[in-house]
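Q: Everything in the sequence shown is counted per the UniProt record's numbering, starting at 1 for the first residue and increasing by one.
This is the structure, below, for whatever I ask next.
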Amino acid sequence: AHPNMILNNQVIQPSSTVTYLGLKLDPKLRWVPHFQYLKGIISRWSNFLSATSGTHWGSHPSCLLKIFNAVIRSKADYGSFLYSSASLSHRKKLNSILLSCLRTTVGALSSSPLASLEVECACPPIELRSRRLAGKFLLKTLSSSNQSLFQMFVSIKSSWTYVAKTLPILASVAFSFSVFSPLVYRPSLRLQIYDTPYAALSFFPEVTVSPNFLSYSLKELPRLPQTLVDSLFNEYISYNFPSSVRIFTDGSVSPNSAGFSFFIPSLNISFADKLHPLTSSFSAECYAIISALQFSFTLEYNSFLILSDSQSCLLAISSDSFLSALSPLVLVIKSLVYRLILAYKTVKFFWIPSHVGIAGNERADHLAFSTKSLIYFSPFNTPASDFLPIHCKLLRNAWQTNWDSLPHNYATWHRHIVSSIPKHPWFKDLEISRHLIVSFTRLRIGHSLLPHHSSKLNLNSSPLCTLHHDESICDLDHILFNCPSLITNRQLLFFFLSSLGYISPDSNLLLNSRYIPIIRSLIQFIHTAGFLI
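See below:
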């Protein structure tokens, strides 16, 4: 029994739940209050989606999907890798509410397979999204100097004696990350920004990044002779930076290797080294600049010009250290530049386009690419964020495997149309009416109001075609290719398709098209034949 607590002669009733950082916890950690909270807030926004959309009218599915991702899915995603240990029934109820929102977004029929809704909207299942968020969280812990939290999750996996399915997501993901945890770049004792002098953080290096180069647009440069581009470049640099030592830097990333290099033409000095294959191109470019700056300390010259073809890297160097989430390597660059200034040396950065004939850049690019033949990696560690893409790729492969391994009688038509999981919904950036998108989506999924499927929903008395006396199942293939009553309309449709390059079209080819005239002509052909979609 709880002891009575009285304040101002009023008994304070004990609460069975507590809210901590937006998560509603109960004494037994069953997550029931949090699921009730999520169901309530998602249901209200689900009503909003229903009120702003219909089959023939309403908001564009792309707009509704943005609202879903920003307001609804974000609520479910928050803390999802923690409440993944809740009972399966609660998680299924939450997932069904989320999928009903997707169904409303694209106007699919209630009989549509749930997996098909996720694929059409390019929205991964909540289990995979939870693992992705767990990966992002653990990568942040890996980039910290204190590894106790990460090691705790790894130890949970190694000492787990219960059912494997109940293993916490954080523990399983941490165990998979433990392979490359020694390779992750981390500061000495605290956050990287605290290891960098304030003067270096508040200093803005001189960076020149122009949308044009030598008065030519980036589209015009590849058409010019490379010798001319190199000559104009040398003339420009000699005039504007006459006393600076030019240092060309470059990073190279291929599927199985990564490397960086710098090249000093006036001194005929070059350096190249190999990085971990999972290193991003941004980090490789940063390491090239870091190596060039470190080498500058050994030279007797006092003015240096760093020439890089990485616009993103140079823009990060010139950005505000306190207002931007900068890579730790950018903070290292800022610190090195500040140390060079204290040593009475000046450093300027200049952006150059790649592969246009600048001899120094081509040499640096060749050096960086040649590091793939090296056996050993450099001692440089990789920022934790560089490992996130491979984690996301593995999760995407898992989603593809789940899609391929569905029962043969589940979403069969849709899996035939969409064999690979798309990165974006097919209707993204298409300026067509919602009615066309809804109709075309139903045809792609294979759950529409055509007689073949509507008869299964008891919306039609027969699955047979009513346009002729032959007993033929009235599905999409029959209407498009076989129905004898639609020969004239079909000839007009195929003549139009052939004018667009579709000589021998089939359902797969047509339903994978994003060309608006084809979508409109298919829907119009079916409606003209007297069928609803």
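We put the CB at the ideal spot given by N, CA and C, even for glycine.
Who are the Cβ neighbours of Ser130 in its own chain at under 6 Å, not counting the five residues just before and after it?
A: Ser80, Phe81, Ser84, Ile169
Q: Output needed for Val207: all residues of its chain with C-beta closer than 7 Å, excluding positions within five of it in sequence on either side, in chain order.
A: Leu314, Ile317, Ser318, Phe349
Q: Enumerate, from N- to C-terminal direction, the unbroken alpha helix (DSSP H) stretches of 4 or more residues contained entirely within the segment 382–427.
A: 388–404, 412–417
Q: By a C-beta neighbour count over all protein chains shown, 10 Å radius and 16 as the cutoff for buried, is Ala384 buried or exposed?
A: buried
Q: Tell whether a beta-carbon distance below 8 Å holds between Val426 and Arg514.
A: A quick correction: the sequence has Trp, not Val, at residue 426. Cβ atoms of Trp426 and Arg514: closer than 8 Å.
Q: Once the 5 residues before and after His416 are set aside, which same chain residues still bring their CB inside 8 Å of it?
A: Asn508
Q: Using the rule of at least 16 other Cβ atoms within 10 Å of the residue's Cβ for burial, across every protein chain shown, is Tyr185 buried or exposed?
A: buried
Q: Enumerate in chain order the residues of its own chain whose CB-to-CB distance from Leu492 is below 8 Å, with the five nearest sequence positions on each side excluded.
A: Counting only Cβ-Cβ distances below 8 Å, and skipping sequence neighbours, we find nothing.
Q: Going by CA-CA distance only, name the one from Arg91, Cys121, Val173 that's closest to Phe387.
A: Val173
Q: Nearest to Gln311 by CA position, among Glu285, Ile523, Leu232, is which residue?
A: Glu285
Q: Hey, is the segment 388–404 in contact with the segment 90–110, meaning 3+ C-beta pairs nearer than 8 Å?
A: no
Q: Closest by CA to residue 544, which one among Gly58, Glu127, Cys63, His60?
A: Examination of residue 544 is not possible in this model, given that the chain is present from 1 through 533 alone.
Q: Report yes if the CB atom of Ser257 is closer than 8 Å to the CB atom of Thr371, and no otherwise.
A: yes
Q: Quick one: Cα of Ser430 to Cα of Leu532, how far?
A: Residue identity check: residue 430 is Leu in the sequence provided, not Ser. Near 23 Å, if we compare the C-alpha coordinates of Leu532 and Leu430.
Q: Might you give, ordered along the chain, the residues of its own chain that have their beta carbon closer than 7 Å to the beta carbon of Ile421, omitting 5 neighbours on each side?
A: Val119, Arg396, Trp399, Gln400, Trp403
Q: Given that a residue counts as buried once 16 or more other Cβ atoms are within 10 Å of its Cβ, and exposed if not, what is His391?
A: Label assigned to His391: buried.
Q: Can you check whether the CB of Asp230 is closer than 8 Å to the CB of Ala359?
A: yes
Q: State yes or no: is the C-beta of Phe304 within less than 8 Å of the C-beta of Ser254?
A: no
Q: According to the neighbour-count rule (16 or more other Cβ atoms, all chains shown, within 10 Å of its Cβ), is Gln10 buried or exposed?
A: exposed
Q: In the DSSP assignment, find the alpha helix (DSSP H) that holds Phe48 and state where it starts and stops.
A: Segment 32–51, the alpha helix (DSSP H) holding Phe48.
Q: Roughly how many angstroms separate the alpha carbons of Phe440 and Pro484, rounded to a whole number?
A: 23 Å
Q: Going by the beta-carbon positions, is the gap between Trp45 and Arg434 smaller than 8 Å?
A: No, they are not a contact pair.
Q: Could you tell me whether the Cβ atoms of Ser145 and Pro187 are closer together than 8 Å?
A: Remark: C-beta atoms of Ser145 and Pro187 approach each other more closely than 8 Å.
Q: Which runs of the alpha helix (DSSP H) at least 4 residues long sit entirely within the segment 197–233? Give them in chain order.
A: 198–201
Q: Hey, Leu201 and Lys334 are a contact pair by Cβ (cut 8 Å); roughly how many whole angstroms apart?
A: 7 Å
Q: Under the rule that 16 or more other beta-carbon atoms within 10 Å means buried, what is Pro407, buried or exposed?
A: exposed
Q: Give me the DSSP bridge partner(s) of Gln10.
A: Leu7
Q: Check whether the Cβ atoms of Ser472 and Leu480 sit closer than 8 Å, and answer yes or no.
A: Their beta carbons are not under 8 Å apart, which means Ser472 does not touch Leu480 by this criterion.
Q: Going by C-alpha to C-alpha distance, which of Ser111, Val32, Ile72, Leu64 sits closest to Ser89?
A: Val32
Q: What's the gap between the Cα of Ser521 and the Cα of Ser217?
A: 40 Å
Q: What three-state label does DSSP hand Ser100 in the structure shown?
A: When DSSP states are grouped into helix, strand and coil, Ser100 belongs to the helix group.
Q: What first and last residue would you give for the beta strand (DSSP E) that runs through Ser308?
A: Note, Ser308: beta strand (DSSP E), 303–308.
Q: Tell me where the alpha helix (DSSP H) around Ala272 begins and ends.
A: In the DSSP assignment, Ala272 falls outside any alpha helix (DSSP H) and lies within the beta strand (DSSP E) extending over 269–275.
Q: Helix, strand or coil for Arg246? Go by DSSP, reduced to three states.
A: strand
Q: Anyone know if the C-beta pair for Val196 and Ser283 falls short of 8 Å?
A: The residue asked about is misnamed: residue 196 is Thr in this sequence, not Val. Against a cut-off of 8 Å, the Cβ pair of Ser283 and Thr196 comes out as no contact.
Q: Only counting the same chain, and skipping five residues up and downstream in sequence, which positions put a Cβ closer than 8 Å to that of Thr52?
A: Gly58, Ser59, Leu64
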